[in-house]
Every structure is written in structure tokens, then in C-alpha cells.
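Please read the structure below before turning to the comments.
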Amino acid sequence: MPTIERARVEDVPSIVALLADDPLGAGRETPDDLDPYVRAFAVIDADPHQHLVVARRDGRVVGTLQLTVLPGLSRTATTRAQVEAVRVGRDERGRGLGRELLEWAEREARERGCALLQLTTDASREDAHRFYERLGYVGSHLGFKKPLS
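Here my numbering is used: the first residue of the sequence shown is 64, the next is one more, and so on.
Below, the structure is given as C-alpha cells:
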């Protein structure tokens, strides 16, 4: 059974490899240049509202996700949590690790007083949509993105 724990800077290469190991990530990640990822890790790691975790099996990083706690005024000042960058290693897919990571995120969000757990997923990831729906997520909103660079 894998363990889920806070990511360390030495995990950055493994996390980036997971992010790059799919059709979308292959075109947007740069695993040959880790400097921007290490800088981003330092910012994430210093922010108490950010929780970047890895799943380890036999010492190897086999999964990751980032949980962000978002205090807000809407919904009667509801604090929510946002899940981002859920990735499971190729050899681990279909073995329940994705479910374990999201169950961890839900427990963590509840412990931090969040009343809502939300995530976004690329519109082209139809398998991911079915997976999230099986876990009780509802496609209740339409998301928009605007590149700034």
C-alpha cells in the first residue's frame, strides 16, 4: 500500500515526470529544465494553504496531487479546497491509487474546515470525467481559462 506524504524538493523530478507522462503534459511540461519547477516548489512549500503531496510505493514516487485551501466570501463565507494536478504513474493506474489520493484530499479538506471540494479537468479527458463522477463529483460548472503569456 502506498503512503501519501508532503512532497520534498528532491521529489520534483519525479513529480514533473508524472506531469509530463500523458498526451497533454507531454506538450506543455519541460522535464529537461527543472529550474522553474524547483522555484515553484519553494513558493508552494512556503504557503500554508498549499499541500503538494506524493504517493510513494517502495520509496518511489508513484502519484501526486496539489490541494489548495481557498477562503472565500461567497456561499456564506465558505472555505473550499481545490484539487489540481492529480497524476498516477503508468504502472499504478487502475489499482486504486487515484481514489486513495482523492480520499486523502477530501479528509484533508474537511480537517481544514472546507465545506466544498472542487477540481477542474481538461475537457478532453473523458476517462477522468467518468472517474471523478464515480467518486461523487458533479460537473456543475463550466470552466474558462485565458493564457496570460
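Glycine included, C-beta positions come from ideal geometry on N, C-alpha and C.
Check your understanding: So which of Leu97, Gly122 and Gln129 has the shortest CA-CA distance to His112?
Key -> Gln129
**Study point:** the region 147-165 in contact with the region 95-111 per 3-pair CB rule at 8 angstroms
**Key:** no
Review point. Nearest-angstrom Cα distance between Arg175 and Val132?
Key: 8 angstroms
Check your understanding: Who are the near neighbours of Thr183 in its chain, counting only those whose CB is closer than 7 angstroms to its CB and skipping five residues on each side?
Key -> Gly206
Point to revise | Residue range of the unbroken beta strand (DSSP E) whose run includes Glu166 | key: Segment Leu160 to Glu174 is the alpha helix (DSSP H) holding Glu166; no beta strand (DSSP E) there.
Review point. Going by the beta-carbon positions, is the gap between Ala148 and Leu198 smaller than 8 angstroms?
Key: no
Practice item. Pick out whichever of Gly88, Asp98, Ala172 and Leu87 has its Cα sitting closest to the Cα of Thr141. Key: Ala172
Practice item. Kindly indicate which three-state DSSP category His204 falls into: helix, strand or coil? Key: coil
Practice item. Output the boundary residues of the beta strand (DSSP E) element that contains His114. Key: Gln113 to Arg120
Check your understanding: What residue range is occupied by the uninterrupted beta strand (DSSP E) comprising Thr127?
Key -> Arg123 to Leu133
Check your understanding: Ends of the beta strand (DSSP E) at Leu180?
Key -> Leu179 to Leu182
**Study point:** Arg143 (DSSP reduced to helix, strand or coil)
**Key:** strand
Check your understanding: Whose CA, out of His204, Asp110 and Thr93, lies closest to the CA of Asp185?
Key -> His204
**Study point:** Delimiting residues of the beta strand (DSSP E) encompassing Arg69
**Key:** Thr66 to Arg69
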